[in-house]
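106 is the number that my numbering gives to position 106 of the sequence shown; each next residue is one higher, with no gaps. What follows is a set of notes on a single structure, which appears directly below.
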Amino acid sequence: MARIDFAFGATERITQACQTSLRQYLAGQPLLVYCTDPARLKSFDLKLWAVDEAAFVPHVAAHDPLAAQTPIWLVSTDLPEALARAPATAWLLNLDDHCPPGIENVTRILEIVSEDDADKTAARERWRIYQAGGHDVKSFRLPTA
Numbered sequence: 001m002a003r004i005d006f007a008f009g010a011t012e013r014i015t016q017a018c019q020t021s022l023r024q025y026l027a028g029q030p031l032l033v034y035c036t037d038p039a040r041l042k043s044f045d046l047k048l049w050a051v052d053e054a055a056f057v058p059h060v061a062a063h064d065p066l067a068a069q070t071p072i073w074l075v076s077t078d079l080p081e082a083l084a085r086a087p088a089t090a091w092l093l094n095l096d097d098h099c100p101p102g103i104e105n106v107t108r109i110l111e112i113v114s115e116d117d118a119d120k121t122a123a124r125e126r127w128r129i130y131q132a133g134g135h136d137v138k139s140f141r142l143p144t145a
């Protein structure tokens, strides 16, 4: 079962996801970022290019030929197939409103939750589903700026 960390209190979910992705990259942690909403995933992609003026965070779509050499993959469809090709140590950052499919062999999932009411409601539902699935669900509050 996966350990699932919910980070509550993000001012803006996508911005926080980019900061989290930068930290994971700098720590050498492979990461798959999952979202079925094309506009949200595109927003994440664009913001990740500018997350830090001094940093370059390499990332590509999971189906890109360079994915095997790139530490962060963006996944919008066929997550189970992407997970099968990803390094066994890869973590999953879920930016979708629903629980990701095919996570039986994932060891770590990150969930970022903003202060938006709709975002919190969707996160509570994902929490319940993860718990019912026997996952180790944890929460913490993000520090305020």
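All residues carry an ideal CB built from backbone N, CA and C; glycine is no exception.
Which term fits residue i, buried or exposed, when burial requires 16 or more other beta carbons within 10 angstroms of its beta carbon?
| i | result |
| --- | --- |
| SER21 | buried |
| LEU46 | exposed |
| LEU93 | buried |
| ALA50 | exposed |
| PHE44 | buried |
| ARG126 | buried |
| PRO67 | For the record, residue 67 in the displayed sequence is Ala; it is not Pro. Burial call: buried. |
Between residue i and the rest of its own chain, which residues show a CB-CB distance below 7 angstroms, the 5 nearest in sequence each way excluded?
| i | result |
| --- | --- |
| GLN24 | LEU31, TRP91 |
| ASP119 | ARG13, VAL113 |
| THR89 | PRO30 |
| GLY134 | MET1 |
| THR15 | LYS47 |
Leaving out five residues on either side along the sequence, give the residues of the same chain with a beta carbon under 8 angstroms from the beta carbon of residue i.
| i | result |
| --- | --- |
| LEU41 | VAL33, CYS35, LEU74, SER76, LEU95 |
| LYS138 | ARG3, ILE4, ASP5, PHE6 |
| GLU115 | GLY9, ALA10, THR11 |
| ASP136 | MET1, ALA2, ARG3, ILE4 |
| PHE140 | ASP5, PHE6, ALA7, PHE8 |
| ARG85 | ALA62, ALA67, ALA68 |
I believe residue i touches residue j by the beta-carbon criterion, under 8 angstroms. Please report the beta-carbon distance rounded to the nearest angstrom.
| i | j | result |
| --- | --- | --- |
| ALA208 | ILE103 | Past the edges of the chain, shown from 1 to 145, lies residue 208, and the structure says nothing about it. |
| ALA27 | GLU111 | Not quite, the Cβ-Cβ distance comes to about 18 angstroms (not below 8 angstroms), so this is no contact. |
| ILE72 | HIS59 | 4 angstroms |
| ALA55 | LEU142 | Going by Cβ atoms, the distance from ALA55 to LEU142 rounds to 20 angstroms, so no, they are not a contact pair. |
| LEU83 | VAL57 | Between VAL57 and LEU83 the Cβ distance is about 21 angstroms, and since that is not below 8 angstroms, they are no contact. |
Leaving out five residues before and five after residue i in sequence, what residues of the same chain have Cβ atoms less than 6 angstroms from its Cβ?
| i | result |
| --- | --- |
| ALA123 | VAL113 |
| ALA61 | LEU74 |
| LEU79 | TYR34, PRO100, PRO101, GLY102 |
Evaluate contact between the stretch 96-109 and the stretch 125-142, counting only Cβ atoms and requiring at least three cross-stretch pairs below 8 angstroms. yes
Starting from the N-terminal side, write out each stretch of the alpha helix (DSSP H) that is 4 residues or longer and does not extend beyond the stretch 68-118. 79-85
Tell me the start and end of each unbroken beta strand (DSSP E) in the stretch 29-59 that is at least 3 residues and wholly inside, in chain order. 31-34
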